[in-house]
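Undergrad:
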Amino acid sequence: MQTVVCMKWGTRYPALYVNRLWSMIKRHTTRPTRLVCFTDDAEGVDDAVATFPLPEIKIADDIAYTPWRKLSLWQAPLADLSGDVLFLDLDIVITGHLDAMFDFKPGTFCACENWTQMGQGIGNTSVFRWHVGKNTHIFNEFESKGEAIRKKYGIEQVYISDVVDKMVFWPHEWCVSFKHTLVPTWPLNFFRTPPLPEGTKIVAFTGKPDPDEAAIGKWPLSTPWKRIYKYARPTPWIDEHWC
Numbered sequence: 119m120q121t122v123v124c125m126k127w128g129t130r131y132p133a134l135y136v137n138r139l140w141s142m143i144k145r146h147t148t149r150p151t152r153l154v155c156f157t158d159d160a161e162g163v164d165d166a167v168a169t170f171p172l173p174e175i176k177i178a179d180d181i182a183y184t185p186w187r188k189l190s191l192w193q194a195p196l197a198d199l200s201g202d203v204l205f206l207d208l209d210i211v212i213t214g215h216l217d218a219m220f221d222f223k224p225g226t227f228c229a230c231e232n233w234t235q236m237g238q239g240i241g242n243t244s245v246f247r248w249h250v251g252k253n254t255h256i257f258n259e260f261e262s263k264g265e266a267i268r269k270k271y272g273i274e275q276v277y278i279s280d281v282v283d284k285m286v287f288w289p290h291e292w293c294v295s296f297k298h299t300l301v302p303t304w305p306l307n308f309f310r311t312p313p314l315p316e317g318t319k320i321v322a323f324t325g326k327p328d329p330d331e332a333a334i335g336k337w338p339l340s341t342p343w344k345r346i347y348k349y350a351r352p353t354p355w356i357d358e359h360w361c
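Right, dumping it as structure tokens:
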């Protein structure tokens with residue numbers, strides 16, 4: 119049984135995102151696969167998805183519901199999980215077969231090479247695979263020295279990349295970023311639709327826009343003047359896959 123894990127907290131991503139993730143996983147796996155969702159609110163989540171409460175972690179209130187909470191996954195035991203487990207953020211679109219992500223470098227921590235820090239040895243945790251019970255020091259040390267770790271690293275994926283025993287990046291064509299990989303550079307982004315390259319398995323929508331927004335060409339911005347250069351044309355292939 120292959121296990122995929124996601125986390126849902128707060129209100130930004132409703133149950134719809136979990137259910138669509140499950141739908142995409144089923145279409146893109148041939149082996150028996152289950153989805154486990156750690157959440158503070160399981161209402162509306164498909165009954166076929168296994169739900170568990172958010173794992174306990176000692177964490178400051180102001181980062182309690184940020185990606186730092188993902189560090190809770192590095193504890194053991196963890197629910198009923200064992201072996202290699204694939205984690206997927208909710209704001210991703212699956213466009214290719216996933217079984218190979220369980221076969222790639224078994225037993226090793228695998229992550230995307232962070233698209234804004236190429237060549238710096240930093241993994242992006244939108245899509246990663248870890249072995250439950252290995253590298254539990256990532257969780258234990260954060261619980262004992264959380265504030266110092268936060269000040270030193272700033273972002274949880276930088277911390278993980280520095281202290282994990284070994285990290286291997288997914289093949290670059292497997293996992294791409296919508297805004298950092300696919301959106302054409304300015305000013306071509308105003309005239310060309312973001313493409314979907316052959317061989318892509320997962321498209322990550324870090325920050326904004328989310329998949330439903332990118333599909334219709336909406337890019338919410340906190341600073342209006344950034345519209346001068348931050349724009350993506352409506353992208354029909356998102357709706358073809360994010361369902």
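Going by our numbering, the letters in the sequence shown line up with residues 119 to 361, in that order. Each residue gets a CB set at the ideal place from its N, CA and C atoms; glycine is no exception.
At the level of alpha carbons, what is the spacing between S244 and I356?
TA: 18 Å
Undergrad: Is F260 closer than 9 Å to F296 when the C-beta atoms are compared?
TA: At a Cβ-Cβ threshold of 9 Å, F296 and F260 do not count as neighbours.
Undergrad: Give the C-beta separation of F309 and G241 to the nearest angstrom, bearing in mind that I take them to be a contact with Cβ-Cβ under 8 Å.
TA: Between G241 and F309 the Cβ distance is about 33 Å, and since that is not below 8 Å, they are no contact.
Undergrad: Runs of 4 residues minimum, wholly inside the stretch 185–222: which ones carry the alpha helix (DSSP H) assignment?
TA: Runs of the alpha helix (DSSP H) inside the stretch 185–222: 218–221.
Undergrad: Nearest-angstrom Cα distance between T88 and K269?
TA: Nothing can be reported for residue 88: it is not among the residues displayed for the chain, which extend from 119 to 361.
Undergrad: In the DSSP assignment, what are the bridge partners of G241?
TA: According to DSSP, which records beta bridges pairwise, G241 is partnered with E231.
Undergrad: Closest by CA to V282, which one among Y135, N307, T254?
TA: Closest by alpha carbon: T254.
Undergrad: Can you check DSSP and say which residues form a bridge with A168?
TA: V154
Undergrad: Quick check: the Cα distance between D198 and T341, rounded to an integer number of angstroms?
TA: 44 Å
Undergrad: Does the distance from the C-beta atom of L172 to that of F156 stay below 9 Å?
TA: yes
Undergrad: Could you give the DSSP three-state label for T303: helix, strand or coil?
TA: coil
Undergrad: Which ranges would you report for the alpha helix (DSSP H) in the stretch 253–296 if only whole runs of at least 4 residues count?
TA: Those alpha helix (DSSP H) runs which fall completely within the stretch 253–296 and span 4+ residues are 255–271, 274–281.
Undergrad: Inspect the CB distances between the stretch 162–179 and the stretch 131–147 and report whether three or more fall short of 8 Å.
TA: yes
Undergrad: To the nearest angstrom, how far is the alpha carbon of A178 from that of E265?
TA: 8 Å
Undergrad: Going by C-alpha distance, which of I256, E316, S279 is nearest I176?
TA: The displayed chain sequence assigns Lys, not Ile, to residue 176. For K176, the closest of I256, E316, S279 by C-alpha to C-alpha distance is I256.
Undergrad: Taking the alpha helix (DSSP H) that M236 belongs to, which residues open and close that run?
TA: Note, M236: premise wrong, no alpha helix (DSSP H); not H, not E.
Undergrad: Since V136 is in the alpha helix (DSSP H), which residue starts that stretch and which ends it?
TA: Here the alpha helix (DSSP H) through V136 covers 133–145.
Undergrad: Kindly indicate which residue of K344, H290, L196 has the alpha-carbon position closest to the one of C230.
TA: H290
Undergrad: On a Cα-Cα basis, can you pick out the residue from E331, Y349, S279 that is closest to I210?
TA: E331
Undergrad: On the premise that I212 lies in contact with I320, defined as a C-beta separation below 8 Å, what is that separation, rounded to the nearest angstrom?
TA: Their Cβ separation, rounded to whole angstroms, is 6 Å, which keeps I320 and I212 in contact under 8 Å.
Undergrad: If G325 sits next to R351, beta carbons under 8 Å apart, how far is it from one beta carbon to the other, in whole angstroms?
TA: The beta-carbon separation of G325 and R351, rounded to 18 Å, does not stay under the 8 Å limit for a contact.
Undergrad: Would you mind working out which of W304, M285, E174, L139 sits nearest K188, comparing C-alpha positions?
TA: E174
Undergrad: Shortest alpha-carbon distance to T311 belongs to which of I267, K344, S279, Y349?
TA: Selected option, being the one with the closest Cα: Y349.
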